[in-house]
Amino acid sequence: MVFDGPYRMLIGGELVAGSATFDVLNPATEEVIAQAPDATPADLDAAVAAARDAFPGWAATPIADRKAKLVALANAVWGNADAFARLLTSEQGKPHSEATGEVMGAGYWLQANTTLDLPETVNEDSDDRISITRHVPLGVVGAIAPWNFPMILAMFKVAPALLAGNTMVLKPSPFTPLTTLRFAELAKDILPAGVLNVVTGGDALGPWMTAHPGFDKISFTGSTQTGRRVMASAAPTLKRVTLELGGNDPAIVLPDVNVEKIAEQLFWAAFTNNGQICIATKRMYIHKDIYEPLRDAIVAYARTVKVGDGAEQGTQIGPINNKPQYERVLGLIEDAREKGYKFLLGGEKADVPGYFVPITILDNPPEDSRIVQEEQFGPVLPLIKFDDLDDVITKANATDYGLGASIWSADEDRAYDLAQRIQSGTVWVNETQHLSPLAAFGGVKQSGVGVEGGLEGLLEYTNAQTLVRKKKPAFA
């Protein structure tokens, strides 16, 4: 299937053009590829009202039927995988192979959530009473998805929220709205009207949502800075919030690894999706005994990686998705250059159209440098030498973030013990970035509030309700 026709929002089961549009760019060419609807406050009000109207019926729908709708959505995504992938590459920039993986993963996230069930707990069953705690839907959820993985990260929210019996208004990033709008077209024919609404717009739309009194919960994925504003905006009405925010994820590489075999894995731990992953390795600590050979092996492999337009055959790394992030990454590189840090690779601005930043690797910058202390979210990686395990764990934990981390060692038991000392929501041993719809994922410290995935993530979209029934009341 090839998607065609104008892009329209989904509000109350109807496709709505909106009264205005905004441009969507291809980050590899900086050319306008489409116009997306620019929602007004009235459009948002209509979407929230539609979700509110649909909530009682959807909440009363048996969970088996809700699961069937999620499976139908998954099949619709898989059935249009190639069209979704090509569209995703054009708006996000990632290589077609990675875009295909994201699309397939989005369908999998929808399908896999249907293996979960809402538990009921019997607290007491005595001669006097029976007490049961069950989990009931919250109501209307406002979901705000980011631009780095626009399809799958939206499904992180859609799948559990709808499974739990909530209705939703979903807002994609203005940099990557197109795949979500096409998903809305498919959802229109699968879900009851108003269960899922999709609105698009510029920078004003997110704050309108977080402050809107019609939402019972906001689920947001994005930067820590914006997450703080989301929480503050949700506070006046005490909306529930789930915030999946930034990270400054450390990797610690012990001296017993096989340098030649691990170099490629470590490269992609940092540079998959052009480093635009909240759980990408952002700072890599390498033991002094293997620092030079592993450093050289990573750089040698990096020189073989093709950077270019994600639509071109053989491209392995695409552009930065958008101009503000592009300029931020260039600013970090310029700061490192001004400070006199050593560049092993890259460090210059690409003289081509598009938001391209060459693969950039720095050699042992100081711990207090911006490139070590800040989340770069781009193709820039500092390699840092260490010689003391206690010290490197202290450094790994010395951050306001705590989203992901990884330990690399031939001794899995030793690495596993070290992993338990890391202050992070997820710690991987000898891999990274593996997430599952059946496992909780979230951050500690300023990397987030709440979790997504697994039973814990499903319960984030519910209220616990305890029902107590007195047996043999005296007045009977």
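With numbering that gives the first Met the number 0, letter number 402 in the sequence shown gets 401, and the count goes up by one each step, no holes. C-beta atoms are modelled at their ideal positions from N, C-alpha and C, and glycine is treated no differently.
- [ ] Can you say whether V76 is buried or exposed, counting buried as having 16 or more other CB atoms within 10 angstroms of its CB?
- [x] Mapped onto the sequence shown, residue 76 falls at position 77. Its Cβ being crowded by 16 or more others within 10 Å, V76 is buried.
Task: Enclosing beta strand (DSSP E) for R302 [first to last residue] - done: In the sequence shown, residue 302 corresponds to position 303, counting from 1. Careful: R302 lies outside any beta strand (DSSP E) and carries neither H nor E.
Open item on the list: So within the stretch 191-268, which uninterrupted beta strand (DSSP E) runs reach at least 3 residues, ignoring any that extend past its ends?
Closed with: Whole beta strand (DSSP E) segments, 3+ residues: 195-197, 216-220, 239-243, 249-252.
- [ ] Return the CA-CA distance between G307 and A27, expressed in angstroms with no decimal places.
- [x] Translated into positions along the sequence shown, residue 307 becomes position 308. Translated into positions along the sequence shown, residue 27 becomes position 28. Approximately 8 Å, taken between the alpha carbons.
- [ ] Assuming A250 and A268 form a contact by the criterion Cβ under 8 Å, report the distance between their Cβ atoms to the nearest whole angstrom.
- [x] Reading the sequence shown from its first residue, position 251 is the one you call residue 250. Reading the sequence shown from its first residue, position 269 is the one you call residue 268. With a Cβ gap of about 6 Å, A250 and A268 count as contacting.
Task: Secondary structure, beta strand (DSSP E): runs of 3+ residues fully inside the stretch 75-125 - done: Here the runs fully enclosed are 120-124.
TODO: Assign I358 to buried or exposed, taking buried as 16 or more other Cβ atoms, counted over all protein chains shown, within 10 Å of its Cβ.
DONE: Within the sequence shown, numbered from 1, the residue matching residue 358 stands at position 359. By the neighbour-count criterion, in which a residue is buried when 16 or more other Cβ atoms sit within 10 angstroms of its Cβ, I358 is buried.
Open item on the list: I need the DSSP call for Y325, collapsed to helix, strand or coil.
Closed with: The residue labelled residue 325 in the question sits at position 326 within the sequence shown. When DSSP states are grouped into helix, strand and coil, Y325 belongs to the helix group.
TODO: Name the one or two DSSP bridge partners that V140 has.
DONE: Taking the first residue of the sequence shown as position 1, residue 140 is located at position 141. Partner(s): M167, K216.
- [ ] Would you be able to state if there are at least three C-beta pairs under 8 Å between the stretch 286-299 and the stretch 321-335?
- [x] At 8 Å Cβ cutoff, the stretches do not touch.
Task: Segment contact, 8 Å Cβ cut-off, at least three pairs: the stretch 391-408 with the stretch 272-284 - done: Taking a cut-off of 8 Å for Cβ pairs, the stretch 391-408 and the stretch 272-284 touch, as three or more such pairs fall below it.
- [ ] Would you kindly report the start and end of the unbroken beta strand (DSSP E) that includes W407?
- [x] Counting from 1 along the sequence shown, the entry for residue 407 is found at position 408. W407 -> beta strand (DSSP E) spans 403-407.
Task: Closest Cα partner of H211 within the set K187, K238, T225, S446 - done: Within the sequence shown, numbered from 1, the residue matching residue 211 stands at position 212. It is K238 whose Cα lies nearest to the Cα of H211.
TODO: Specify, as a first and last residue, the run of the beta strand (DSSP E) that V15 falls within.
DONE: Within the sequence shown, numbered from 1, the residue matching residue 15 stands at position 16. Judged by DSSP secondary structure, V15 falls within the beta strand (DSSP E) whose first and last residues are 13-15.
TODO: Pair every Cβ in the stretch 104-117 with every Cβ in the stretch 449-461, then say whether three or more of these pairs are closer than 8 Å.
DONE: Segments in contact, yes.
TODO: Using DSSP bridges, identify the partner residues of L69.
DONE: For this step, residue 69 is matched to residue 70 along the sequence shown. DSSP output for L69 lists no bridge partner at all.
Open item on the list: Any contact between the stretch 109-123 and the stretch 34-41? By contact I mean 3 or more CB pairs, one from each, below 8 Å.
Closed with: Remark: fewer than three beta-carbon pairs, one from each stretch, lie closer than 8 Å, so the stretch 109-123 and the stretch 34-41 are not flagged as touching.
Task: Residue span of the beta strand (DSSP E) that contains R282, given as start and end - done: For this step, residue 282 is matched to residue 283 along the sequence shown. Counting along the chain, the beta strand (DSSP E) containing R282 begins and ends at 282-286.
Open item on the list: Looking only at its chain, what residues have a beta carbon closer than 6 Å to the beta carbon of V252, apart from the 5 residues adjacent to it on each side?
Closed with: In the sequence shown, residue 252 corresponds to position 253, counting from 1. Answer for V252: I285, W407, listed in chain order.
Task: Of the residues E243, G246, R302, D255, the one placed nearest F266, counting alpha carbons only - done: Here residue 266 corresponds to residue number 267 of the sequence shown, with the count starting at 1. Considering only E243, G246, R302, D255, the residue with the shortest C-alpha distance to F266 is R302.
Open item on the list: Quick check on the burial criterion: 16 or more other C-beta atoms within 10 angstroms. Buried or exposed for F214?
Closed with: Looking up residue 214 in the sequence shown gives position 215. Burial call: buried.
Open item on the list: Pop quiz: N165 and L137 are said to be a contact at Cβ under 8 Å. What is the actual Cβ separation, rounded to whole angstroms?
Closed with: The sequence position of residue 165 within the sequence shown is 166, counting from 1. The sequence position of residue 137 within the sequence shown is 138, counting from 1. About 6 Å separates the two Cβ atoms, so the contact holds.
Task: Cβ pair S172, W146 closer than 8 Å - done: As a working mapping, residue 172 is identified with position 173 in the sequence shown. As a working mapping, residue 146 is identified with position 147 in the sequence shown. At a Cβ-Cβ threshold of 8 Å, S172 and W146 count as neighbours.
Task: Burial state of T465 (16 or more Cβ within 10 Å) - done: Sequence index remark: in the sequence shown, residue 465 carries index 466 (1-based). The residue in question, T465, is exposed, as its Cβ has fewer than 16 Cβ neighbours within 10 Å.
Open item on the list: Let me check understanding here. Comparing Cα to Cα, which of L434, F440, V23, A414 lies closest to V428?
Closed with: Residue 428 sits at position 429 when you count from the first residue of the sequence shown. For V428, the nearest C-alpha among the options comes from A414.
TODO: Determine the closest residue to A53 out of N79, I131, E90, V168, with distance taken between C-alpha atoms.
DONE: Working through the sequence shown from its first residue, we reach residue 53 at position 54. Residue V168 is the option with its Cα nearest to A53.
Task: Beta-carbon gap between Y442 and P159 smaller than 8 Å - done: Counting from one through the sequence shown, the residue named residue 442 turns up at place 443. Counting from one through the sequence shown, the residue named residue 159 turns up at place 160. It should be noted that the sequence gives Gly, not Tyr, for residue 442. Their beta carbons are not under 8 Å apart, which means G442 does not touch P159 by this criterion.
Task: Rounded straight-line distance, which links the Cα of L115 to that of P436 - done: Residue mapping note: residue 436 aligns to position 437 of the sequence shown, counting from 1. Residue mapping note: residue 115 aligns to position 116 of the sequence shown, counting from 1. When rounded, the distance between both Cα atoms is 10 Å.
TODO: Examine chain B for any beta-carbon lying closer than 8 Å to the beta-carbon of I289, and answer yes or no.
DONE: Absence of chain B from the displayed structure is noted, only one protein chain being present.
TODO: Out of G221, H134, G424, S222, state which residue places its alpha-carbon closest to the alpha-carbon of A58.
DONE: Reading the sequence shown from its first residue, position 59 is the one you call residue 58. Ranked by Cα distance from A58, the options G221, H134, G424, S222 are led by H134.
- [ ] Measure how close the beta-carbons of T236 and S218 come, nearest whole angstrom, since I'm counting them as under 8 Å.
- [x] Within the sequence shown, residue 236 is the residue found at index 237, counting from 1. Within the sequence shown, residue 218 is the residue found at index 219, counting from 1. Cβ-Cβ separation between T236 and S218: approximately 15 Å, too far for a contact (criterion under 8 Å).
TODO: Reducing DSSP to helix, strand and coil, say where L466 ends up.
DONE: As a first step, residue 466 must be located in the sequence shown, where it is residue number 467. Strand at L466.
Open item on the list: Between which residues of its own chain and P381 is the CB-CB distance below 6 Å, once the five residues before and five after are set aside?
Closed with: Working through the sequence shown from its first residue, we reach residue 381 at position 382. A distance below 6 Å between beta-carbons, with the five flanking residues on each side excluded, links P381 to the following residues of its chain, in chain order: R282, L361, P364, I370, V371.
Task: Beta carbon of G309 nearer than 8 Å to that of I332 - done: Taking the first residue of the sequence shown as 1, we reach residue 309 at position 310. Taking the first residue of the sequence shown as 1, we reach residue 332 at position 333. No; because the gap between Cβ atoms is not below 8 Å, this pair is not in contact.
TODO: Mark R227 as exposed unless 16 or more other C-beta atoms lie within 10 angstroms of its C-beta, in which case mark it buried.
DONE: Here residue 227 is taken as the residue at index 228 of the sequence shown, counted from 1. Under this definition R227 is an exposed residue.
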